[in-house]
Amino acid sequence: MDDVQIVKLGATELPLFKAIRLESLRCSPSSFANTEADWSSLPNSEWLNRLKTPVYAVLRGDEPVGIMGLLLQHGEKKAHRTTLIMAYLRESERGAGLADNLLSVVTACAVENGVRQLELNVNEHNVTAIRFYERHGFEQVGRVPRALIDRGREVDELIMVQRLS
1 MDDVQIVKLG ATELPLFKAI RLESLRCSPS SFANTEADWS SLPNSEWLNR LKTPVYAVLR
61 GDEPVGIMGL LLQHGEKKAH RTTLIMAYLR ESERGAGLAD NLLSVVTACA VENGVRQLEL
121 NVNEHNVTAI RFYERHGFEQ VGRVPRALID RGREVDELIM VQRLS
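In UniProt numbering, the protein residues as written are 1 to 165.
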């Protein structure tokens, strides 16, 4: 793991962001509410806009192999909450603790931003992700019935929450 690092992405890393985000949507289409087609047609200005929120990548050497971000809430009454977004780690990189490390970095960023509660939505059929989140202290607090239509099939999303403080 010596050649692996976790970096916060900014405008200069736009090509890395595009590469790993499109890979995530292509390789794990059922894990996300958006499709590769949704994102591949975005102009660079919109990609850059998405980097205004904290987005982290796992790099092996110069190659991105994972991504995770936060969608920070704004406003006095909701600033203590954030949504975990774009969680993905290339299949060949799984099982070595990289996802744990990435979530730790993203969680630390959330805490630095005054967040007290991490929230996420996960496809009810994504058992691996659900177990990962449960292992890290997330609890299911709800379900959105028929939240997505994935290849013609209605899919529920589970709402999971982790209290940080």
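Glycine included, C-beta positions come from ideal geometry on N, C-alpha and C.
Mind checking residue i: buried by the 16 CB within 10 Å criterion, or exposed?
{"i": "Val141", "result": "exposed"}
{"i": "Pro43", "result": "exposed"}
{"i": "Asn123", "result": "buried"}
{"i": "Val65", "result": "buried"}
{"i": "Glu157", "result": "buried"}
{"i": "Gln5", "result": "exposed"}
{"i": "Val115", "result": "buried"}
{"i": "Thr82", "result": "buried"}
{"i": "Val127", "result": "exposed"}
{"i": "Thr35", "result": "exposed"}
{"i": "Val106", "result": "buried"}
{"i": "Ala96", "result": "exposed"}
{"i": "Ala110", "result": "buried"}
{"i": "Ala99", "result": "buried"}
{"i": "Ala129", "result": "buried"}
By the DSSP assignment, the alpha helix (DSSP H) with residue i in it spans what residues?
{"i": "Val115", "result": "Element bounds for Val115: n/a, residue is neither H nor E."}
{"i": "residue 188", "result": "Coverage of the chain is limited to positions 1 through 165, which leaves residue 188 absent and any answer about it impossible."}
{"i": "Leu48", "result": "44-50"}
According to DSSP, which residues form a beta bridge with residue i?
{"i": "Thr83", "result": "Leu71, Glu119"}
{"i": "Arg153", "result": "Asp150"}
{"i": "Ala33", "result": "Note: Ala33 sits in no beta bridge, so no partner."}
{"i": "residue 173", "result": "Outside the shown range of the chain, which is 1 to 165, sits residue 173, and nothing can be said about it."}
{"i": "Glu139", "result": "Val161"}
{"i": "residue 171", "result": "Residue 171 lies beyond the range of the chain shown here (1 to 165); nothing can be said about it."}
{"i": "Leu89", "result": "Gly66"}
{"i": "Val144", "result": "Glu157"}
Where do the N-terminal and C-terminal ends of the beta strand (DSSP E) with residue i fall, by residue?
{"i": "Glu134", "result": "Run containing Glu134: none in the beta strand (DSSP E); it sits in the alpha helix (DSSP H), 127-135."}
{"i": "Leu164", "result": "Neither: Leu164 is in no beta strand (DSSP E) and is coded neither H nor E."}
**Request:** Please determine if the region 50-60 and the region 16-32 are in contact, where contact requires at least 3 C-beta pairs separated by less than 8 Å.
**Result:** yes
**Message:** Can you confirm whether the region 62-69 touches the region 84-98 when touching is taken to mean that 3 or more C-beta pairs between the two stretches lie within less than 8 Å?
**Reply:** yes
**Prompt:** Would you say the region 114-130 touches the region 28-45, given that touching needs at least three Cβ pairs under 8 Å?
**Reply:** yes
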